[in-house]
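Going by the numbering used here, the first residue of the sequence shown is number 57, and it counts up by one from there. Heads up, the beta-carbon is just placed ideally off N, CA and C, and yes, glycines get one too. Here's the structure, in structure tokens; my notes come after.
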Amino acid sequence: MRSTRPLRDTHPEFLVIEWPTFHEYRVENWRLARDGSGRIIRGAVTWTWLDLCLPLFISFLWPKLRGNSTALAAIGVTLSIFAWSRCNQVLYVFPTLGIQLETHYGHPSLGPLFVSRRFIYVSRLEDFVIHEGLRRWDVRYFLAAIKRSNNGSILFHVAFENVLPYFSVLLEVYTGVQRFIFPLQLRDSTEIP
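Here's what the structure looks like:
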């Protein structure tokens, strides 16, 4: 196993782990500020003041709200949203089998509370592309796996859809997937006749 951060200076949240039989592309839910200050914009990477104060606040409210089911339901919903908003996303590349898209929900220090997995077989994978979308006045780039279903329809599966990393991270993942899943197509497209 070899673990690297190929974009350490600009995108340290991006991690590539190379195993003997597969490659793992992990994007954590935090990033550096784009102003060059080196300030970390947190999604969830470590314990924050909110993480520490929330259990204390709930422990003070619990005796007062123990008989009120509506208030307890509201606390439960708040805690669920809080845990659900903390996610990291992983793309696994198995060269002869396919790709797997994973989303880990929960606080990173405690391990995931819930994991969502989607596997796409090589035989069903039509292409893996970088695409762009508009959100208000902003252009967002994303990776999409184009899959053909059993009935012949085309499905798009977006990788890193909750984290939406920057273009340079997406380009690294894209070239890795192309290199391991579509090696002949990549070689053919780079040759000059």
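| said: Across the segment 118 to 138 and the segment 179 to 196, are there enough close Cβ pairs to call them in contact, namely three or more that are closer than 8 angstroms? | reply: Three or more beta-carbon pairs separated by less than 8 angstroms are not found between the segment 118 to 138 and the segment 179 to 196, which leaves the two stretches without contact.
| Can you tell me whether DSSP reads Y81 as helix, strand or coil? | To locate residue 81, count along the sequence shown from 1; it is residue 25. Residue state for Y81 is assigned as strand, using DSSP reduced to three classes.
| field | Straight-line gap, T246 to N218 (C-alpha atoms, nearest Å) | value | The residue given as residue 246 occupies position 190 in the sequence shown. The residue given as residue 218 occupies position 162 in the sequence shown. Confidence at T246 is low in this model, with a pLDDT of 49, below 50, so its placement is unreliable and no value can be given for it.
| request: Pull up the distance between the alpha-carbon of V171 and that of N144, whole angstroms please. | output: Here the question's residue 171 lines up with position 115 in the sequence shown. Here the question's residue 144 lines up with position 88 in the sequence shown. Going by the C-alpha atoms only, they are around 10 angstroms apart.
| Are at least three pairs of beta-carbons, each pair with one atom in the segment 66 to 81 and one in the segment 147 to 163, less than 8 angstroms apart? | Of all C-beta pairs linking the segment 66 to 81 to the segment 147 to 163, three or more are shorter than 8 angstroms, placing the two stretches in contact.
| Going along the chain, which unbroken runs of the alpha helix (DSSP H) with 4 or more residues stay wholly within the segment 123 to 198? | For the segment 123 to 198, whole alpha helix (DSSP H) runs of length 4 or above, ordered along the chain, are 125 to 140.
| Helix or strand or just coil, what does DSSP make of Q234? | The residue given as residue 234 occupies position 178 in the sequence shown. Collapsing the DSSP output to three states places Q234 in a helix.
| said: Between the alpha carbons of L227 and R192, how many angstroms are there, rounded? | reply: Here residue 227 corresponds to residue number 171 of the sequence shown, with the count starting at 1. Here residue 192 corresponds to residue number 136 of the sequence shown, with the count starting at 1. R192 has its alpha-carbon roughly 23 angstroms from the corresponding atom of L227.
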